[in-house]
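Structure, as structure tokens:
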Amino acid sequence: MQAGFKKKLVLFASGSGTNVEAIANYFQDHPDVSISAVLTNKRDAKVIDRCNRLNISVLYFNKWAFYRSDTVLEILRKLNPDLIVLAGFMWKVPKSIVQAFEGRILNIHPALLPKYGGKGMYGMHVHTAVKDSGDKQTGITIHYVNEAYDKGAIIRQAQVAVSPQDSAEDIAKKVHQLEYQHYPEVIRELLN
Ligand code: GAR
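To get our numbering, take the position in the sequence shown, counting from 1, and add 35.
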């Protein structure tokens, strides 16, 4: 990383935002990386409280702004991030944004894609499906975002064992731990 040029991240989140917090903590004292803003599509998302506590700007947008206008695209153009990081963001990114930031949008999926991906497979739905399947492994997939949902090039996968005693919530906890460990690291590597 070249000294003097701060790399900028913009994060998207829809829920609790524990990944946002893990990324924020990881880069807290980093001289060359800053989080410009967190964008959320949920007016009452827990991530908003987290951002207030962490002193990170948070912007809310609705469905109309995202899919029927260039509002979010324009905000992103102004912020001019080096990477856009989806951290528990549950809407499909529109083509205009994918094209404008080709190769600079990352997502984390809480399973080993291509398994348990696609429409309707997000958050606890994924962990419940893993539990029901009896799979002995699950994990995370960090991938680029393209126009096909959950189908962009894979950057990193990491696995964790699932035991028959694990509830879907236990699986979620294990997967979250992997996310906190790997997502910030991958972001840093890509910024380098
Ligand atoms: C994370 O496990 C993330 O992988 C998943 O949502 C959770 C958000 O947790 N993302 C998806 O399912 C995207 N399809 P968080 O809000 O506590 O970071």
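From the three backbone atoms N, C-alpha and C, an ideal C-beta is built for every residue, glycine too.
- The beta carbon of Gly153 lies closer than 7 Å to those of Tyr184 and Asp185 in the same chain, with the five residues before and after it left out.
- In the DSSP assignment, His160 falls outside any beta strand (DSSP E) and within the unbroken alpha helix (DSSP H) covering Gly158 to Ser168.
- Ranking Val68, Gly50 and Ile58 by CA distance to the CA of Lys41 puts Val68 first.
- In this structure, Ser49 lies away from Leu114, with their beta-carbon atoms at least 9 Å apart.
- Contact between the region 161–171 and the region 115–123 is not established, with fewer than three Cβ pairs separated by less than 8 Å.
- The beta carbon of Pro129 sits no closer than 8 Å to any heavy atom of the ligand GAR.
- In this structure, Ser202 has its CB at a distance of at least 8 Å from all heavy atoms of the ligand GAR.
- CA-to-CA, the gap between Tyr61 and Gln212 works out to about 14 Å.
- For the set Lys81, Arg191 and Asp167, the Cα lying nearest the Cα of Ile177 is the one of Arg191.
- One Cα belongs to Tyr218, the other to Lys81, and the distance between them is close to 20 Å.
- Looking at the DSSP output, Gln172 sits in a beta bridge with Ala196.
- For Ile91, there is no enclosing beta strand (DSSP E), as DSSP marks it with neither H nor E.
- Note that the C-beta distance between Gln200 and Gly174 is not below 9 Å.
- The DSSP-derived three-state label of Ala80 is coil.
- Going by beta carbons, Tyr102 and Arg78 fall outside the 9 Å limit.
- With a threshold of 16 other beta carbon atoms within 10 Å, Gly123 meets it and is buried.
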